[in-house]
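So the sequence shown is numbered by this note's numbering: it starts at 42 and just counts up by one.
Don't be surprised by glycine CBs; every beta carbon is placed ideally from N, CA and C.
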Amino acid sequence: MEGVSRVSPQVSAAYTYCEAVTGAQARNFSYGIRLLPLPKRRAMSAIYALARRIDDIGDGDWPVERKAEHLARTRALLDEIREGTVEAEDTDPVKIALAHTAALFPIPLDAFDELIDGVEMDVKGTEYQTFEQLRVYCRCVAGTIGRLSLGVFGCTDPKRGAEYADTLGLGLQLTNILRDVREDAGNGRTYLPAEDLARFGCEGFADGGLGTGDFRGLILFEARRAQGYFDEGLLLLPMLDRRSRACVAAMSGIYRRLLERIATEPEAVLRGRMSLPAWEKAYVALSGLAGGRAS
């Protein structure tokens, strides 16, 4: 494959496509990516573009059989990249960009297979009785992205760094679950563990009984749990170079602020998806670049 600074027009166009996907669809992710130098920014965009494709398959309106078919095709795509058999004239820009990225950086491509495993749980309508079961799902759909990202960033302690990246992904995904609780319920999905719903008297939640029982206590309990994973996962930061550290601080900082909003007003998640304004996301990103934790 071509070097970092000189790539073929086809590879350059593939990266441009992935960066466009990232800029248009990654509401929070893109703020951190912008802080990286060009080769890492391109690589992270390629990773995001395939992850977005996998998520879109799971979230789409296709029948279950068609979703399974497209997820199987994505596994085959990963096999091509692993085996180095991506053709120069291939017309899939995501495949081309990711193949180039995998040649430049030691990204663990098997993590994408785990991401597909997590999306298959969604497709099958998997429910979670315990938090340990939900933890497996979160690590599949979010911890994997942390481990893939670490392959691009580099790390002074790869083993411990991978553990922290996985834990940070757990905090991010729990925040997503709390943020999207109403939207998911409207789509017939309940991610919060049945044992937690029962603990706070919210068993009717899955049947559309949003806000029943001690809903505030439930959300605060889950928010504290997520905060604990953020605190542990952010021990990753000193293991990264300055620009990669700023990227992680920006992305995690945006989610931590969102989590703080949810914890301050748990009932707000019942009114719809919560988010930070663009100016605040930009502020968090710049704070990360300046060396702060952006929390």
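query: How far does the alpha helix (DSSP H) with residue 51 in it reach, from first residue to last?; result: 50-66
query: Could you check what DSSP says for residue 162 in three-state terms: helix, strand or coil?; result: helix
query: Give every residue of the same chain whose Cβ lies closer than 7 Å to the Cβ of residue 188, excluding the five residues on either side of it in the sequence, and list them in chain order.; result: 149, 152, 203, 206 and 207
query: Within 10 angstroms of the Cβ of residue 125, are there 16 or more other Cβ atoms? Answer buried if so, exposed if not.; result: exposed
query: With a floor of 4 residues, list each alpha helix (DSSP H) that falls wholly inside the stretch 86-140, ordered by position along the chain.; result: 105-124
query: Suppose contacts are defined by Cβ-Cβ distances below 8 Å. Is residue 86 in contact with residue 195 by that definition?; result: no
query: Can the beta-carbon of residue 164 be found less than 8 Å from the beta-carbon of residue 90?; result: no
query: Whose C-alpha, out of 65, 162 and 221, is nearest the C-alpha of residue 109?; result: 162
query: From residue 92 to residue 49, what does the alpha carbon distance come to, in whole angstroms?; result: 24 Å
query: Run the CB neighbour count on residue 44, radius 10 Å, all protein chains shown included, and call it buried at 16 or more, exposed below.; result: Note that residue 44 has pLDDT 43, beneath the 50 cutoff, so the model's placement of it is unreliable and the number below is only indicative. That one is exposed.
query: So what does DSSP say about residue 74, is it helix, strand or coil?; result: helix
query: Under 8 Å, do residue 185 and residue 155 count as touching if we go by C-beta distance?; result: yes
query: For residue 74, which residues of its own chain have a beta-carbon under 6 Å away from its beta-carbon, when the five flanking residues on both sides are left out?; result: 82 and 85
query: Specify the secondary structure class of residue 231 as computed by DSSP and reduced to three states.; result: coil
query: Going by beta carbon distance, what residues of the same chain come within less than 6 Å of residue 255, once the five residues before and after it are set aside?; result: 241 and 242
query: Can you tell me whether residue 314 is helix, strand or coil according to DSSP?; result: coil
query: Output the distance between the C-alpha atoms of residue 212 and residue 265, rounded to the nearest integer angstrom.; result: 10 Å
query: Could you give the first and the last residue of the continuous alpha helix (DSSP H) run that contains residue 289?; result: 283-305
query: For residue 326, which option in 76, 52 and 61 has the closest C-alpha, if you only look at C-alpha atoms?; result: 76
query: Could you please give the first and the last residue of the uninterrupted alpha helix (DSSP H) stretch that includes residue 260?; result: 256-274
query: Assuming residue 72 and residue 315 form a contact by the criterion Cβ under 8 Å, report the distance between their Cβ atoms to the nearest whole angstrom.; result: Contact flag wrong, Cβ pair sits at about 17 Å.
query: Would you mind sorting residue 312 into buried or exposed? The rule is 16 or more other CB atoms within 10 Å of its CB.; result: exposed
query: In its own chain, which residues sit with a C-beta less than 6 Å from the C-beta of residue 259, not counting the 5 before and 5 after it?; result: 241 and 243
query: For the candidate residues 273, 300, 262 and 323, whose alpha-carbon lies nearest to that of residue 337?; result: The chain is shown only over 42 to 336; residue 337 falls outside these bounds and no answer can be derived.
query: For residue 158, collect the residues of the same chain with a Cβ closer than 8 Å to its Cβ; drop the 5 residues on either side in sequence, then sort them by chain order.; result: 181
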